[in-house]
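Novice:
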Amino acid sequence: MVTAAVVAAVAAGPAAVAAGPAATAPVPVAAGVASDPTPEEQNRLREVAGAIWTPQLAAGWNMNAEAADVLSTATGEILRCSEAFSLVPRPPGFVPGLGYLVSYWKNLRDYFLAVKDDRTCRACVVTAAVNYRSAIEMASMGI
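Its first residue numbered 106, the sequence shown is counted upward by one per residue in our numbering.
#1: Please classify G204 as buried or exposed, where buried requires at least 16 neighbouring CB atoms within 10 angstroms.
#2: Could you compute how far the alpha carbon of P160 sits from the alpha carbon of W166?
#3: Grab the span of the alpha helix (DSSP H) containing G204 for me, first residue to last.
#4: CA-CA distance, L213 and M243?
#5: Using the Cα positions of G202 and A233, report the straight-line distance between them to the nearest angstrom.
#6: Between the C-alpha atoms of A179 and A172, what's the straight-line distance to the nearest angstrom?
#7: Taking 8 Å as the threshold (C-beta atoms), are S239 and N169 in contact?
#8: When the Cα of E145 is compared with those of W210, G181, L162, which residue comes out closest?
#9: DSSP three-state label for N169, please.
#10: Could you say which of Y216, V175, C186 lies nearest to A104 if we only look at CA atoms?
#11: Please report the distance separating the alpha-carbon of R249 from that of C186.
#12: Quick one: grab the DSSP three-state call for V235.
#13: Residues in the same chain with beta-carbon distance under 6 Å from C229, minus the five sequence neighbours each way, listed in chain order, please.
#14: Given 7 Å as the limit, tell me if E188 has its C-beta closer than that to any heavy atom belonging to the ligand HEM.
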């Protein structure tokens, strides 16, 4: 099931990429059966996943609701880790959901690609990639 913490879609300016993903208060969504992301949303999710793992890996994944949930969790781990380095401000208890990932996909992708070159922050992305690789592979296969 896709995480219920979703933020409102707001167009982020270029400064947001430099400062990391925008952090706004999560907006609760109604409980119910999660549907799979649209093809456009799936492409955006693949962009985020490609920045964490590799674009080649992400291209082969079915970005269904379960895979989006794993990607959401991995993204949350990276943001929490990065916060320790004062790079990504976020509200307490924030778990990026499908809406956040889809709305800020470009900022997240650019941010993850940028921190891969920073030794300190790279540890956040690499750790999440290792910890969630099997989970996203299995979710993609519907396992």
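We put the beta carbon where it would ideally sit given N, CA and C, even for glycine.
Specialist: To lay it out plainly:
#1: Against the sequence shown, residue 204 aligns to sequence position 99. Classification of G204: buried, given that the 10 Å Cβ count is 16 or more.
#2: Looking up residue 160 in the sequence shown gives position 55. Looking up residue 166 in the sequence shown gives position 61. Across the structure, P160 and W166 are spaced so that their CA atoms are roughly 10 Å apart.
#3: For the purposes of this step, residue 204 is identified with residue 99 of the sequence shown, where counting begins at 1. Where G204 is concerned, the enclosing alpha helix (DSSP H) stretches over 203-208.
#4: Within the sequence shown, residue 213 is the residue found at index 108, counting from 1. Within the sequence shown, residue 243 is the residue found at index 138, counting from 1. Note on geometry: alpha-carbon atoms of L213 and M243 lie some 23 Å from one another.
#5: Taking the first residue of the sequence shown as position 1, residue 202 is located at position 97. Taking the first residue of the sequence shown as position 1, residue 233 is located at position 128. Whole-angstrom Cα-Cα distance: 16 Å.
#6: The sequence position of residue 179 within the sequence shown is 74, counting from 1. The sequence position of residue 172 within the sequence shown is 67, counting from 1. Separation of A179 and A172 (C-alpha to C-alpha, rounded to the nearest whole angstrom) is 10 Å.
#7: Taking the first residue of the sequence shown as position 1, residue 169 is located at position 64. Taking the first residue of the sequence shown as position 1, residue 239 is located at position 134. Result no, Cβ atoms of N169 and S239 do not sit closer than 8 Å.
#8: Numbered from its first residue, the sequence shown carries residue 145 at position 40. Per the Cα distances, W210.
#9: Taking the first residue of the sequence shown as 1, we reach residue 169 at position 64. The answer is coil: DSSP assigns N169 none of H, G, I, E or B.
#10: Only positions 106 to 248 of the chain appear in this structure, which leaves residue 104 out of reach.
#11: Given that the chain is displayed from residue 106 to residue 248, the structure contains no residue 249 and the question cannot be resolved.
#12: For the purposes of this step, residue 235 is taken as residue 130 along the sequence shown, with counting starting at 1. Reduced to three states, the DSSP call for V235 is helix.
#13: Indexing the sequence shown from 1 puts residue 229 at position 124. In the same chain as C229, and ignoring 5 residues on each side of it, the C-beta atoms closer than 6 Å to its own belong to I183, C186, S187, in chain order.
#14: In the structure on display, the ligand HEM does not appear, and there are no ligands present to speak of.
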